[in-house]
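J.:
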Amino acid sequence: MSTATSAAPAGAGRERPGRRPAGTDTTASGRRRGKGSPVPRILAYVALVLLTLLFVSPLLYMLVTSFKTTADAGSATPQWIPDSPTLAAYREILGNPATPVLRWFLNSLLAAALQSLLIVATAALAAYALARLEFPGKKLVTLLILATLFVPPVTLLIPNYLIVGQLGWLDSLAAIVVPGAAGAFGVFFLRQFFVSLPPELEEAASLDGANRFQVFWKVILPLSRPALATLAMLSFLTNWNDFLWPVFTLFSPENQTLSAGLSTLQNANAVRYDLLMAGAMIASVPVLVLFIASQRYVVEGVSRAGVKG
1 MSTATSAAPA GAGRERPGRR PAGTDTTASG RRRGKGSPVP RILAYVALVL LTLLFVSPLL
61 YMLVTSFKTT ADAGSATPQW IPDSPTLAAY REILGNPATP VLRWFLNSLL AAALQSLLIV
121 ATAALAAYAL ARLEFPGKKL VTLLILATLF VPPVTLLIPN YLIVGQLGWL DSLAAIVVPG
181 AAGAFGVFFL RQFFVSLPPE LEEAASLDGA NRFQVFWKVI LPLSRPALAT LAMLSFLTNW
241 NDFLWPVFTL FSPENQTLSA GLSTLQNANA VRYDLLMAGA MIASVPVLVL FIASQRYVVE
301 GVSRAGVKG
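Using full-length UniProt numbering, the first residue of the sequence shown is number 1, and each one after it goes up by one.
1) Thinking C-alpha only, which one of S75, V215, L228, S224 is nearest D274?
2) If you run the structure through DSSP and keep just helix, strand and coil, what is A22?
3) Just list the alpha helix (DSSP H) runs in the region 171 to 219, keeping only unbroken ones of 4 residues or longer that don't cross its boundaries, in chain order.
4) If I measure Cβ to Cβ from A232 and keep anything under 7 Å in the same chain, skipping five residues before and after, which residues do I get?
5) Considering only C-alpha positions, which residue in the set I93, Y90, T86, V64 is nearest to Q79?
6) Look up P226 in the DSSP assignment and say whether it is helix, strand or coil.
7) Counting beta carbon pairs with one atom in the region 197 to 217 and one in the region 140 to 158, are three or more of them shorter than 8 Å?
8) Do you know offhand how far I282's Cα is from L197's?
9) DSSP on S6, reduced to helix/strand/coil?
10) Mind checking whether I163 and P179 have CB atoms under 9 Å apart?
11) Pick from F236, Q192, F193, L276: whose alpha carbon is nearest that of F291?
12) Taking a contact to mean a Cβ-Cβ separation below 9 Å, would you say L109 touches P253 in this structure?
13) Looking at E92: is its Cβ nearer than 9 Å to the Cβ of A278?
Written as structure tokens, this is what we have:
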């Protein structure tokens, strides 16, 4: 008998009951998972691929049409692969002085960015007050703000137009930025997120000598980046895609936003689908870039905003 064998501790080499090495799940459920049929998983993947193609197909057809000739784009027969792909629509829409697409693009970008910043700022202050502060009439104020969510936006079109006209903001950037700079959705969304934050963090900051605004600025806002990014992205998309309000308030061709300006590409006699699709693709680029860059924050912000009511 060797020395090593004799020096081995008692119980060594014997498997302890109830403990198994990692990666050796031999339980009944583990055997079922390992030997289960792959058919349900394959069917799920096929369904997901089909749904993805269904939702992406309009964007793909828009992209394909933007590379067609005018005749092919206006054809009644759908054509997924153009016979002779061309950039003529992009050259025409970007080089025509009567359709300053780049100017419209910058107008939309500036208006959407400014309004997003204003919405996040006003909604964060209001939501923090409703989530953390105690004051008389707090529940009534909350209900009144939430009640405005049920007012159709189109009913505010004429009152807002009259107010903007009396302020002398028609046909200016202020007309498409200021009226939508505060909204009930942003307040409600951020309030839900602020409620989910542990109050112990604020109490610790207060014990360190921070006042209420310092707690809001240095504790609450840094922890709320996912919700703030989500609200900023949603606000940007709303302003970017808005069509009716810019058509009502902007008159000069150089002051138009992209959505309103692109509507001038069609007239009563003919519709240039190749130009419209090229313009729509240009308008889609910022939206796609913004979504790809912020999708992680959006998922986290939406999931955490629904934790508490």
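Yeah, the Cβ is synthetic: ideal placement off N, Cα and C, and Gly gets one too.
T.: Let's see:
1) S75
2) Legend: pLDDT at A22 = 47, less than 50; position of this residue unreliable, no value from coordinates given.
3) 173 to 177, 184 to 196, 199 to 207, 212 to 215
4) S116, V120
5) V64
6) helix
7) no
8) 40 Å
9) Model confidence at S6 stands at a pLDDT of 41, short of 50, so the residue's coordinates are unreliable and nothing is read from them.
10) yes
11) F236
12) no
13) yes
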